[in-house]
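Structure record follows, encoded as structure tokens.
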Amino acid sequence: MDNLQIDGTRQTPEISFNAESGILKLDGRSIPENTFEFFTPVLNWLDEYVSSAPDKVVAKINLEYFNTSSSKYILEILKRLKVILGEGKDVLVEWYYEEDDEEMMETGEDYEDVSGLPFEIISFEEE
Amino acid sequence: MNTYEKFRRMMDNHIMLSFKGEITSDIITMVLQIMETKLDSVSEKGSVKKKIFNVLVECMQNLYHHSEAEEAGDISTRRAMLELFYDNDYYYILTGNYIKNEGIDPLKERIERVNSLSKEDLRRYYREILDNNLISDKGGADLGMIDMARKSGQKLYFKFHDVNDSLSFFELQVKIAKKKEK
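Listed below in structure tokens is the structure:
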């Protein structure tokens, strides 16, 4: 299966999904007005990935900002990972937040709770 | 008022940005770009800047998706306003847009519900809505309002101004404390 690579912009995150290694990176910000347009290919890729995922899949989510209309798509991404987990694969979500960004930390906890996936919530220092 | 008086008024009220017009995708991009540059130059902590930016993003999405046209059927009259200013203690994000009169009661109920909840209850409510997948592509449900209330840590101030038989003007003001409140 092909990798999924989408460059980041000022409104949309960089997507870097490596099919073979199982490392799925989401980086930057997600604040577009039309979230449907942006996330549809991402969700389609994951739908296909369910049947070809390796034994271990790690999603590295490092978002600086995202709007509420992106938030349901982030959950949709996690739901597909849940299906992969259900197939007996090892799935981990690494949720990154900048040290003093309490909201982003709490949002990670919210997603952990709602998705029921194993999460590691990781802080990093501001540049 | 002469031009210098106008300038002084803007200075004295610490107006960082003032906009009136149709909120298009391009305008949102530009406003966010301007505000990022402006916020970079203020001496607030990173977390305060992030909160301001977050609330601003959400406010502009609201204006983009929910402004009614001033003249029915003419989308070029979906005029709205946005203003950012500060005083000693808070940053303020003020928006105004037209709304159909029949939309007032449901919106009022939603904001009042959000305002009535404690921090922990807001969080529970957020999870509930996220989990139930009640969010449309417009953001919708109550998530935008909950998010602004959570990020700002303050009650949302709102007011409906009478316009005519079919429209009102919806004012929303979100404030963000400069210092963390205990």
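Going down the list, the protein sequences come from chains D and E.
For the record, in the first sequence the residue sitting at position 73 is 75 according to our numbering, with numbers rising by one throughout.
For the record, in the second sequence the residue sitting at position 168 is 178 according to our numbering, with numbers rising by one throughout.
Don't be surprised by glycine CBs; every beta carbon is placed ideally from N, CA and C.
This one's a predicted model, so the numbers in the text were calculated from it and none came from an experiment.
Problem set entry | Proximal residues of chain D, C-beta to C-beta of Leu-153/E below 7 Å | Start at 1 with the first residue of the second sequence, and residue 153/E comes out as number 143. Those are Thr-70 and Ser-73, listed as they occur along chain D.
For this session: Determine the DSSP secondary structure at Asn-125/E, reduced to helix, strand or coil.
Result: Numbered from 1 along the second sequence, position 115 holds the residue referred to as residue 125/E. Residue state, collapsed to three classes: helix.
Problem set entry | Cβ distance (whole Å) where Val-67/E is taken to contact Ile-33/D below 8 Å | Counted from its first residue, the second sequence places residue 67/E at position 57. Counted from its first residue, the first sequence places residue 33/D at position 31. Right, their Cβ atoms sit about 5 Å apart.
Exercise. Taking the Cβ atom as the reference point for each residue, do Ile-63/D and Trp-97/D lie within a distance shorter than 8 Å?
Worked result: Taking the first residue of the first sequence as position 1, residue 63/D is located at position 61. Taking the first residue of the first sequence as position 1, residue 97/D is located at position 95. Their beta carbons are under 8 Å apart, which means Ile-63/D touches Trp-97/D by this criterion.
For this session: Mind the definition here: the region 86 to 106 of chain D touches the region 12 to 32 of chain E only if three or more C-beta pairs lie below 8 Å; say whether that holds.
Result: no
Problem set entry | Closest by C-alpha distance to Ile-62/E, when choosing among Ser-35/E, Glu-93/E and Glu-80/E | Mapped onto the second sequence, residue 62/E falls at position 52. For Ile-62/E, the nearest C-alpha among the options comes from Glu-93/E.
Problem set entry | Local Cβ density within 10 Å of Lys-118/E, reported as buried at 16 or more and exposed below that | Within the second sequence, the letter at position 108 stands for residue 118/E. Exposed: under 16 other Cβ atoms inside 10 Å.
Problem set entry | With 16 other Cβ atoms within 10 Å as the buried cut-off, status of Met-21/E | Taking the second sequence and counting its residues from 1, one reaches residue 21/E at position 11. The residue in question, Met-21/E, is exposed, as its Cβ has fewer than 16 Cβ neighbours within 10 Å.
Problem set entry | Min CB distance Gln-7/D to chain E below 8 Å | Within the first sequence, residue 7/D is the residue found at index 5, counting from 1. For Gln-7/D, the answer is no, since every Cβ of chain E falls outside 8 Å of its Cβ.
Exercise. In chain D, what lies closer than 7 Å to Phe-63/E by C-beta?
Worked result: Residue numbering aside, residue 63/E sits at position 53 when the second sequence is read from its first letter. Ordered by position in chain D, the residues that pass the 7 Å Cβ test against Phe-63/E are Tyr-67.
Exercise. Quick one: what's Leu-83/D bridged to in DSSP?
Worked result: Counted from its first residue, the first sequence places residue 83/D at position 81. Paired residue(s): none; Leu-83/D is not in a bridge.
Exercise. Interface residues of chain E around Asp-4/D at Cβ under 7 Å?
Worked result: Numbered from its first residue, the first sequence carries residue 4/D at position 2. Within chain E, no residue comes near Asp-4/D; the closest Cβ sits about 27 Å away, beyond 7 Å.
Exercise. How about Asp-141/E: is its C-beta nearer than 8 Å to some C-beta of chain D?
Worked result: Counting from one through the second sequence, the residue named residue 141/E turns up at place 131. Asp-141/E counts as touching chain D.
For this session: Measure from the C-beta of Ser-35/E to each C-beta in chain D and report whether the shortest distance is under 8 Å.
Result: Counting from one through the second sequence, the residue named residue 35/E turns up at place 25. Cβ-Cβ to chain D under 8 Å: yes for Ser-35/E.
For this session: Look at Met-26/E and Phe-95/E and say whether their C-beta atoms are less than 8 Å apart.
Result: The residue you call residue 26/E lines up with position 16 of the second sequence. The residue you call residue 95/E lines up with position 85 of the second sequence. In this structure, Phe-95/E lies closer than 8 Å to Met-26/E by Cβ.
Problem set entry | Cα-Cα separation, Glu-112/E to Leu-177/E | Reading the second sequence from its first residue, position 102 is the one you call residue 112/E. Reading the second sequence from its first residue, position 167 is the one you call residue 177/E. If you take the alpha carbons of Glu-112/E and Leu-177/E, they lie about 9 Å apart.
For this session: Consult DSSP for Asn-64/D and reduce its assignment to one of helix, strand or coil.
Result: Locating residue 64/D in the first sequence gives position 62, counting from the first residue. Strand at Asn-64/D.
Exercise. Nearest chain E C-beta to Arg-82/D closer than 8 Å, yes or no?
Worked result: Looking up residue 82/D in the first sequence gives position 80. No - not a single Cβ of chain E is within 8 Å of the one on Arg-82/D.
Exercise. Based on Cα-Cα distance, which residue from Ile-109/E, Ile-114/E and Glu-138/E lies nearest to Ser-117/D?
Worked result: Taking the first sequence and counting its residues from 1, one reaches residue 117/D at position 115. Cα-wise, what sits closest to Ser-117/D is Glu-138/E.
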